[in-house]
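Asks:
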Amino acid sequence: MSKDLTMVEAVNLAMDHAMAADPNVVLLGEDIGVNGGVFRATQGLRDKYGLKRVIDTPLAETLIAGISVGMAAQGLKPVAEIQFMGFIFPAMEQLICHAARMRNRTRGRLSCPLVLRAPFGGGIHAPEHHSESTEALFAHIPGLRVVIPSSPVRAYGLLRAAINEPDPVIFLEPKRIYRASKKAIDENSEPLPLDTCFTLKVGQDVTLVSWGASINETMEAASLLEGHGISAEVIDVATIKPLDMETILASVRKTGRCVIVHEACRSFGVGAEISAGLMERAFDDLKSPVERVTGFDTTMPYYRMEDHYLPHTDDIVRASIKTLAN
Amino acid sequence: MSKDLTMVEAVNLAMDHAMAADPNVVLLGEDIGVNGGVFRATQGLRDKYGLKRVIDTPLAETLIAGISVGMAAQGLKPVAEIQFMGFIFPAMEQLICHAARMRNRTRGRLSCPLVLRAPFGGGIHAPEHHSESTEALFAHIPGLRVVIPSSPVRAYGLLRAAINEPDPVIFLEPKRIYRASKKAIDENSEPLPLDTCFTLKVGQDVTLVSWGASINETMEAASLLEGHGISAEVIDVATIKPLDMETILASVRKTGRCVIVHEACRSFGVGAEISAGLMERAFDDLKSPVERVTGFDTTMPYYRMEDHYLPHTDDIVRASIKTLAN
Amino acid sequence: MMTRSEQNQPAMEQYLDAEGEVMKNLPSWTFNTETLIDYYQSMVVARCGDQKAVALQRTGKMGTYPSCLGQEAISTVCAALLKKDDVLIPYYRDLPGLMKRGIPLSDVLLYWGGDERGSASDAWGKDLPNCVPIATQAGHAAGIATAIKIRHEAGEPMQVALCALGDGATSKGDFGEALNLAGTWQLPVVYIINNNQWAISVPRKIQSGAPTLCQKGNAAGLPSFQVDGNDVIALHEVISEAIERARQGKGATVIEAITYRLCDHTTADDASRYRNSSELEEAWQKEPVKRLRQFLHHRGLWDEQKEQALKAEADRVIEASVKNYLNTPLPKIEDLFDYHYANMPAQLVQQKEEALLRHQMRQGGAAHE
Amino acid sequence: MMTRSEQNQPAMEQYLDAEGEVMKNLPSWTFNTETLIDYYQSMVVARCGDQKAVALQRTGKMGTYPSCLGQEAISTVCAALLKKDDVLIPYYRDLPGLMKRGIPLSDVLLYWGGDERGSASDAWGKDLPNCVPIATQAGHAAGIATAIKIRHEAGEPMQVALCALGDGATSKGDFGEALNLAGTWQLPVVYIINNNQWAISVPRKIQSGAPTLCQKGNAAGLPSFQVDGNDVIALHEVISEAIERARQGKGATVIEAITYRLCDHTTADDASRYRNSSELEEAWQKEPVKRLRQFLHHRGLWDEQKEQALKAEADRVIEASVKNYLNTPLPKIEDLFDYHYANMPAQLVQQKEEALLRHQMRQGGAAHE
Ligand SMILES: Cc1ncc(C[n+]2csc(CCOP(=O)(O)OP(=O)(O)O)c2C)c(N)n1
Ligand SMILES: Cc1ncc(C[n+]2csc(CCOP(=O)(O)OP(=O)(O)O)c2C)c(N)n1
Ligand SMILES: [Mg+2]
Ligand SMILES: [Mg+2]
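Residue numbers (numbering that gives the first Met the number 0), protein chains in the order written: chain E, 0 to 325; chain D, 0 to 325; chain P, 0 to 368; chain S, 0 to 368.
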């Protein structure tokens with residue numbers, strides 16, 4: 000049996016199935032109980048699994064991360080929600096110093112199988128601090144995994160995998176596309192692998208690499224390019240860390256050209272690592288320099304101007320055509 | 000008049016001169032008063048300027064950053080010490096959400112001229128969490144500046160500039176070379192610019208780019224390469240954010256080859272941005288892919304094994320020779 | 000066992016009951032009626048402005064907005080008792096206080112309308128702009144108070160920093176760290192907890208096991224008070240005393256003002272999902288505006304005619320502000336870049352050009368010319 | 000004003016004075032002398048181990064080390080009162096407690112000797128390893144207690160989490176957040192503050208304006224006690240009561256144990272820079288090992304001969320551990336990579352090969368063959 004679900008419903012279903020499958024899975028966060036989460040990602044789960052497994056915490060992100068580490072060290076599988084990614088920073092000490100290190104520090108005696116979920120990204124005219132994309136900060140931390148779905152199906156499959164994963168996963172949900180479309184999700188869907196990119200469209204002339212909500216504009220750009228007789232391959236990175244360079248390399252070795260698209264500001268962003276990786280391992284195959292189409296090196300502006308910050312479809316199209324000039 | 004000073008003494012002198020020059024400069028941090036800082040960076044300053052300007056705080060890094068923001072918003076120039084960079088993470092929310100944004104958020108009505116100093120990096124056989132290099136996390140944040148000296152002279156000049164700077168500066172001090180050598184520092188030294196790299200050695204065949212303590216191994220590698228008839232140019236990035244790509248580009252356009260050296264783990268590190276920048280703007284000049292010689296994508300190991308983590312001179316030499324194979 | 004550290008429950012300070020009846024001898028300042036009438040007028044104007052803000056959101060003319068409905072008394076009294084040079088460190092339900100400080104409503108609307116210029120005007124003085132990351136402003140307030148103290152010790156006049164936050168905010172470590180410092184350094188700062196019983200959907204009792212929130216001040220050795228946050232007289236007493244203490248160099252105070260969030264958390268919230276209506280109805284009985292109006296009525300200081308005149312005046316002021324807001328042209332694209340650094344990095348100069356170019360291309364409608 | 004939240008000062012729980020003289024009626028368990036003798040023996044062995052660790056550092060055989068000199072009683076009693084399945088969340092001066100929990104001294108030496116394997120052995124059970132970032136373990140303890148509580152409610156036996164930290168740690172927000180949760184959720188956890196009067200060079204009184212540190216528990220509505228941390232009998236009383244309360248599902252307790260850091264902060268510190276020697280000398284008069292020895296002497300339970308035998312035995316145990324430590328071969332280079340992920344990413348597999356290659360090259364002495 001399959002159901003048509005939005006991304007946020009798919010996230011909900013993944014947690015539902017994970018809780019049904021494993022009594023050690025426990026949800027926690029601010030307003031996730033009766034309220035079902037400010038985006039309704041946990042809606043109905045408290046009624047179904049009780050308030051001992053769907054826990055409203057006090058307003059304290061350091062604590063949410065800290066107790067998740069403690070719970071995980073005791074063999075539970077905490078799935079914590081940070082209400083918006085803009086509020087994840089108080090959790091960084093726990094994530095960097097403990098979640099990411101517990102296994103290594105104890106040579107495997109203890110581990111930290113937690114998932115930290117957070118809605119992220121711009122484009123919904125939200126207030127200040129509600130639109131950030133700082134995935135690069137987590138991608139740099141050894142011991143973490145960073146996963147970003149771009150469709151209901153991948154949200155379901157990747158979140159199931161994240162919860163199964165024996166190590167800590169930062170799971171970032173692009174809220175701009177939480178309800179963008181419904182996709183059929185099979186009741187018996189399998190988890191998706193956490194170590195591969197997904198090739199969403201096969202092409203020959205240029206490789207477009209993106210993740211999260213920008214996949215939408217990237218796919219749109221790919222069809223516009225088609226209209227110009229340009230065949231673009233589209234890769235959804237999905238798992239930002241560890242990065243599956245092999246899939247990207249294989250594609251770029253074929254096309255010789257690459258455009259990376261992300262919402263986060265450009266400098267020291269995830270795009271830089273992908274570009275550097277291509278530099279190192281596909282140098283001779285590159286026909287043209289890898290381009291980055293990204294947010295600017297500014298704070299995400301308040302919503303009246305956020306549209307000027309976010310990369311648009313036409314920016315991707317232009318960058319792609321530029322790579323083809325060489 | 001000039002004095003021979005180690006790097007940590009130069010840091011001390013810079014604060015001393017800044018305090019003498021501007022009564023708004025106030026130092027704060029853990030153990031910086033009577034104790035003069037665990038590395039003695041503030042030694043003598045409390046006696047000289049009094050405990051109202053050299054302030055021991057309670058043990059709370061979130062607070063240290065938070066009050067610095069408040070003090071700066073009132074026109075003081077707080078220079079806060081974080082005892083080790085491994086303990087900077089509780090300060091991130093304040094740095095990202097407030098220090099970096101106060102000017103932009105108020106369209107210049109308020110600003111945040113703070114300096115956050117922290118010793119960083121490995122190689123001194125320190126305990127767990129005392130050897131991290133996470134400069135990339137700060138480099139990604141719009142509104143911040145990130146500065147790393149690699150010699151007593153640059154420590155003095157850059158710290159003076161950082162304290163003069165009307166915006167927040169993260170000033171990271173490579174403690175491995177705190178006392179590595181003494182250099183003559185003029186009593187009337189000027190601040191150094193915060194927006195340029197420093198070319199430490201001119202060369203023709205390959206550009207070596209590094210910063211902080213690794214400059215030592217990089218310079219050593221350059222002289223070893225000299226012995227092999229290879230002329231290496233050495234660039235000390237010094238100001239990581241904003242990154243002066245122009246100096247690096249000019250060098251690489253000349254040499255056609257580049258090796259980036261840093262202690263921090265490789266993936267999503269500062270080296271990635273430099274490599275991506277070269278990709279974008281020096282593609283046609285590159286004779287060989289840009290190489291990164293860095294720490295591994297692992298937690299900094301405890302000290303018995305840290306030597307296996309840190310990049311060595313011979314690694315740099317090897318990578319340089321590799322770029323010359325093309 | 001004698002070693003146990005015991006906590007006396009403080010009694011909540013209160014002068015007026017829910018009907019505006021006097022419960023005990025009033026302080027003498029209340030007999031000079033101007034202050035009370037001013038409080039009333041400010042609260043009414045603020046409530047009208049607040050409801051207008053909600054309406055703007057509902058009609059698609061403004062973004063998500065957190066109403067201050069029910070909390071007007073706390074914010075108004077705080078701002079009224081501060082001097083011009085004192086520093087207000089507000090939270091997002093402090094519209095009444097901001098207006099009382101002389102900040103135009105249009106600034107506040109601009110902020111919630113997604114425009115940085117809402118926190119930019121000179122009217123703000125040195126006050127901090129709104130702070131979204133909960134409780135982080137507690138640290139700023141301690142820092143501001145530190146700056147004040149340092150300068151006071153160098154001969155400048157003493158000022159006071161006053162920091163507002165919610166009941167939920169008391170759970171965040173920042174708050175505890177700041178209180179600890181305020182106690183240790185005897186800082187001239189007042190922390191006022193707007194305990195409106197809810198942090199979005201999380202009720203007060205699962206936010207903390209402490210019987211009162213003001214006792215968090217005791218952890219820092221600070222004097223701590225609980226006050227009826229819907230009673231302007233009690234608020235005035237407790238807050239003015241705290242401000243005075245700070246101004247005299249006697250250090251910080253923690254005040255817990257008991258109130259109720261009569262609205263949804265924000266316009267994006269639906270409180271009926273988690274809160275039952277009987278609780279809300281009961282809370283409406285105790286709300287501050289009606290309470291003060293009834294008191295003034297009893298005293299013969301207020302009547303229907305004055306009420307009408309005030310409402311009309313409020314509407315006029317608010318309409319002008321709304322017009323101002325709605326007529327504010329979009330910021331320039333350059334503004335995205337121009338305020339990050341006093342000395343703009345070369346990179347950002349380049350990116351600014353890139354942004355302008357992107358925009359031109361889009362205007363031209365051509366994706367790849 | 001009645002609204003002020005007042006704080007009663009707790010009296011410090013104490014049974015033995017500095018000379019080991021009994022100050023009030025002793026609890027009945029003390030008449031069964033085994034426990035006290037065991038405490039004494041454990042403390043002496045721990046102190047010998049600790050001094051050996053300092054010596055290893057001084058002779059270049061180990062890295063920076065934080066001695067527990069003077070704090071042996073707290074750590075020993077905590078560990079002794081926990082059951083095997085309870086969880087100890089130690090801090091870096093808990094060598095005595097770790098040894099009491101059955102963790103070999105060589106593990107602790109390995110840890111400070113810069114080797115991750117020091118926290119790896121089965122002897123640790125589910126106890127947490129040392130925690131360097133101050134106060135972060137307070138959150139872990141609350142999380143562990145949450146896990147215990149969830150499982151207890153599902154039918155498993157109740158366990159207790161016990162978390163140690165220093166006086167400086169009470170200033171960090173993590174501690175306040177964790178206490179707040181422990182109070183709100185009534186968690187089976189005991190927080191024990193080792194108030195040794197100093198946080199590196201920062202004395203207790205500029206760490207917090209609160210007259211006691213245990214009153215930080217009151218901010219969370221928790222029962223809070225102050226106890227003489229150099230008096231094993233008082234410690235035993237207060238800690239066992241707290242553990243019992245937790246085990247019975249009655250929630251958390253905060254204990255402030257008053258002691259003194261008789262040593263430098265770590266071997267990298269020189270306390271004479273900031274602390275005067277008279278204070279130190281005075282503190283030596285109150286130290287826990289001598290105090291208990293005198294008590295046992297008075298009771299006729301201890302003599303010089305027993306002391307000699309104990310010291311000899313301690314030396315034997317410690318020497319064996321030191322040998323073990325010194326003979327531990329270096330970890331493999333592979334170990335740098337092998338424990339980050341249960342499922343090692345391809346990238347890391349590649350980097351592991353790179354590391355091995357780098358090493359080989361270096362061994363071969365050739366930089367560029
Ligand atoms: C650090 C942080 N975490 C989460 C949020 C999201 N959030 C906004 S308001 C709020 C509740 C605040 O409750 P309270 O402090 O009681 O203030 P109130 O809104 O009730 O006035 C939450 C969780 C935030 N803004 N900042
Ligand atoms: C978050 C953090 N900040 C700073 C440090 C450096 N540091 C190590 S121990 C210490 C003092 C701790 O004092 P206290 O909590 O009283 O414990 P004690 O060492 O006295 O036993 C400091 C500042 C740290 N380890 N972690
Ligand atoms: Mg509230
Ligand atoms: Mg201490």
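By construction, the Cβ of each residue, glycine as well, lies at the ideal position given by its N, Cα and C atoms.
Heavy atom of ligand 2 less than 8 Å from the Cβ of asparagine 179 of chain P, yes or no?
Replies: Taking the third sequence and counting its residues from 1, the one referred to as residue 179 of chain P is at position 180. Incorrect: asparagine 179 of chain P has no Cβ contact closer than 8 Å to ligand 2.
Asks: Measuring alpha carbon to alpha carbon, tell me which residue in D:Glu29, D:Ala318, D:Met0 is nearest methionine 84 of chain D.
Replies: Taking the second sequence and counting its residues from 1, the one referred to as residue 84 of chain D is at position 85. With distances taken between Cα atoms, methionine 84 of chain D lies closest to D:Glu29.
Asks: Taking its Cβ as the centre, do 16 or more other Cβ atoms sit within 10 Å of methionine 0 of chain E, making it buried, or is it exposed?
Replies: Here the question's residue 0 of chain E lines up with position 1 in the first sequence. Per the 10 Å Cβ criterion, exposed.
Asks: Check for me: the beta strand (DSSP E) holding valine 159 of chain S runs from which residue to which?
Replies: One-based indexing of the fourth sequence puts residue 159 of chain S at position 160. No beta strand (DSSP E) contains valine 159 of chain S, which DSSP labels as neither H nor E.
Asks: So, is the C-beta of alanine 59 of chain D closer than 9 Å to a C-beta in chain P?
Replies: As a position in the second sequence, residue 59 of chain D is number 60, starting the count at 1. Yes, because at least one Cβ of chain P sits closer than 9 Å to the Cβ of alanine 59 of chain D.
Asks: Which term fits methionine 22 of chain S, buried or exposed, when burial requires 16 or more other beta carbons within 10 angstroms of its beta carbon?
Replies: One-based indexing of the fourth sequence puts residue 22 of chain S at position 23. When all chains shown are included, methionine 22 of chain S counts as exposed.
Asks: Below 7 Å on C-beta distance, what does isoleucine 73 of chain P contact in chain E?
Replies: As a working note, residue 73 of chain P is residue 74 in the third sequence. Simply none; closest approach about 19 Å.
Asks: Determine the closest residue to threonine 254 of chain D out of D:Ala271, D:Cys264, D:Gln203, with distance taken between C-alpha atoms.
Replies: In the second sequence, the residue the question calls residue 254 of chain D occupies position 255. If we check each option's Cα against that of threonine 254 of chain D, D:Gln203 comes out closest.
Asks: Out of D:Glu232, D:Tyr177, D:His227, state which residue places its alpha-carbon closest to the alpha-carbon of threonine 217 of chain D.
Replies: The count along the second sequence starts at 1 and reaches residue 217 of chain D at position 218. For threonine 217 of chain D, the nearest C-alpha among the options comes from D:Glu232.
Asks: Between histidine 264 of chain P and ligand 1, is the CB less than 8 Å from at least one heavy atom?
Replies: Locating residue 264 of chain P in the third sequence gives position 265, where the first residue counts as 1. For ligand 1, at least one heavy atom lies less than 8 Å from the Cβ of histidine 264 of chain P.
Asks: Write down every uninterrupted run of the beta strand (DSSP E) in the region 213 to 264 of chain P whose length is 3 residues or greater and which is fully enclosed by it, in chain order.
Replies: Fully enclosed beta strand (DSSP E) runs of 3 or longer: 223 to 227, 252 to 257.
Asks: Are there 16 or more other CB atoms within 10 angstroms of the CB of serine 387 of chain S, so buried, or fewer, so exposed?
Replies: The structure shown does not extend to residue 387 of chain S, since chain S is modelled only from 0 to 368, so the question has no answer here.
Asks: For ligand 3, I want to know if glycine 165 of chain P counts as a neighbour, meaning its beta carbon is within less than 8 Å of at least one of the ligand's heavy atoms.
Replies: On the third sequence, residue 165 of chain P is found 166 positions in, with the first residue counted as 1. At least one heavy atom of ligand 3 is nearer than 8 Å to the Cβ of glycine 165 of chain P, so yes.
Asks: From the DSSP output, which residues share a beta bridge with phenylalanine 170 of chain D?
Replies: Here residue 170 of chain D is taken as the residue at index 171 of the second sequence, counted from 1. Phenylalanine 170 of chain D pairs with D:Arg116, D:Val146.
Asks: Can you look up valine 316 of chain S in the DSSP assignment and give me helix, strand or coil?
Replies: The residue you call residue 316 of chain S lines up with position 317 of the fourth sequence. Valine 316 of chain S: helix per DSSP, three-state reduction.
Asks: Have a look at threonine 198 of chain E and aspartate 235 of chain E and give me their C-alpha separation to the nearest angstrom.
Replies: By 1-based counting over the first sequence, the position of residue 198 of chain E is 199. By 1-based counting over the first sequence, the position of residue 235 of chain E is 236. Going by the C-alpha atoms only, they are around 6 Å apart.
Asks: Around the Cβ of glutamine 93 of chain D, are there at least 16 other Cβ atoms within 10 angstroms (buried) or fewer (exposed)?
Replies: Here residue 93 of chain D refers to the residue found at position 94 when the second sequence is read from its first residue. Glutamine 93 of chain D comes out buried.
Asks: Using DSSP's beta-bridge definition, name the partner residues of arginine 291 of chain E.
Replies: As a working mapping, residue 291 of chain E is identified with position 292 in the first sequence. Answer is E:Ile259.
Asks: Just to make sure I have the definition right: I need the residues of chain S whose C-beta is within less than 7 Å of the C-beta of glutamate 127 of chain D. Which are they?
Replies: Position 128 of the second sequence, counting from 1, holds the residue named residue 127 of chain D. Chain S residues near glutamate 127 of chain D: Val131.
Asks: Only counting the same chain, and skipping five residues up and downstream in sequence, which positions put a Cβ closer than 6 Å to that of tryptophan 197 of chain P?
Replies: Taking the third sequence and counting its residues from 1, the one referred to as residue 197 of chain P is at position 198. Hits under 6 Å: Arg260.
Asks: With a cut-off of 8 Å on the beta carbons, I'd call glycine 138 of chain P and leucine 62 of chain D a contact; round off their distance for me.
Replies: Taking the first residue of the third sequence as position 1, residue 138 of chain P is located at position 139. Taking the first residue of the second sequence as position 1, residue 62 of chain D is located at position 63. That belief holds up - the Cβ atoms of glycine 138 of chain P and leucine 62 of chain D are roughly 6 Å apart, short of 8 Å.
Asks: For leucine 223 of chain D, which three-state DSSP category applies?
Replies: As a first step, residue 223 of chain D must be located in the second sequence, where it is residue number 224. Of the three classes helix, strand and coil, the one that applies to leucine 223 of chain D here is helix, per DSSP.
Asks: Along chain P, which residues have their Cβ under 8 Å away from the Cβ of serine 67 of chain D?
Replies: Counted from its first residue, the second sequence places residue 67 of chain D at position 68. Here the neighbours are Gly142.
Asks: On the three-pair Cβ rule with 8 Å, is the region 89 to 103 of chain E touching the region 50 to 59 of chain D?
Replies: Verdict: no, contact absent.
Asks: What is the rounded straight-line gap between the Cα of serine 73 of chain P and the Cα of leucine 87 of chain P?
Replies: Within the third sequence, numbered from 1, the residue matching residue 73 of chain P stands at position 74. Within the third sequence, numbered from 1, the residue matching residue 87 of chain P stands at position 88. Checking the sequence, you will find isoleucine at residue 73 of chain P rather than serine. Going from the Cα of isoleucine 73 of chain P to the Cα of leucine 87 of chain P covers about 13 Å.
Asks: Should proline 241 of chain D be labelled buried (16 or more other beta-carbon atoms within 10 Å of its own) or exposed?
Replies: Taking the second sequence and counting its residues from 1, the one referred to as residue 241 of chain D is at position 242. With 16 or more other Cβ atoms within 10 Å, it is buried.
Asks: Could you tell me which of D:Glu8, D:Leu323, D:Cys257, D:Val251 sits nearest to arginine 153 of chain D, measuring between CA atoms?
Replies: Along the second sequence, one-based indexing puts residue 153 of chain D at 154. Looking at the Cα atoms, D:Glu8 is the closest of the given residues.
Asks: Can you tell me which residues form a DSSP beta bridge with glycine 165 of chain S?
Replies: Working through the fourth sequence from its first residue, we reach residue 165 of chain S at position 166. Note: glycine 165 of chain S sits in a beta bridge opposite S:Asn193.
Asks: Please indicate yes or no: does the CB of tyrosine 90 of chain S lie closer than 8 Å to some heavy atom of ligand 2?
Replies: Position 91 of the fourth sequence, counted from the start, is the residue given in the question as residue 90 of chain S. Yes, ligand 2 has a heavy atom inside 8 Å of this Cβ.
Asks: By the DSSP assignment, the beta strand (DSSP E) with lysine 76 of chain D in it spans what residues?
Replies: Mapped onto the second sequence, residue 76 of chain D falls at position 77. Its beta strand (DSSP E) spans residues 76 to 80.
Asks: Cβ of threonine 5 of chain E versus every heavy atom of ligand 2: is any distance shorter than 8 Å?
Replies: The count along the first sequence starts at 1 and reaches residue 5 of chain E at position 6. Outside the cutoff, so no.
Asks: Nearest to alanine 160 of chain E by alpha carbon, out of E:Glu279, E:Ser274, E:Lys76?
Replies: Here residue 160 of chain E is taken as the residue at index 161 of the first sequence, counted from 1. Closest option to alanine 160 of chain E, Cα to Cα, is E:Lys76.
Asks: Compute every distance between the C-beta of alanine 198 of chain P and the non-hydrogen atoms of ligand 3, then say whether any falls below 8 Å.
Replies: As a working note, residue 198 of chain P is residue 199 in the third sequence. Yes, since a heavy atom of ligand 3 falls inside the 8 Å radius drawn around the Cβ of alanine 198 of chain P.
Asks: By Cβ distance below 7 Å, which residues in the same chain neighbour aspartate 412 of chain S in space, the five residues on each side in sequence not counted?
Replies: Shown here, chain S extends from 0 to 368; a query on residue 412 of chain S therefore has no answer.
Asks: For proline 126 of chain E, which option in P:His264, P:Tyr110, P:Asp85 has the closest C-alpha, if you only look at C-alpha atoms?
Replies: Position 127 of the first sequence holds residue 126 of chain E. The option with the nearest alpha carbon to proline 126 of chain E is P:Tyr110.
Asks: Measure the C-alpha to C-alpha separation of alanine 308 of chain S and valine 44 of chain S and round it to an integer number of angstroms.
Replies: Residue numbering aside, residue 308 of chain S sits at position 309 when the fourth sequence is read from its first letter. Residue numbering aside, residue 44 of chain S sits at position 45 when the fourth sequence is read from its first letter. For alanine 308 of chain S and valine 44 of chain S, the distance between alpha carbons rounds to 11 Å.
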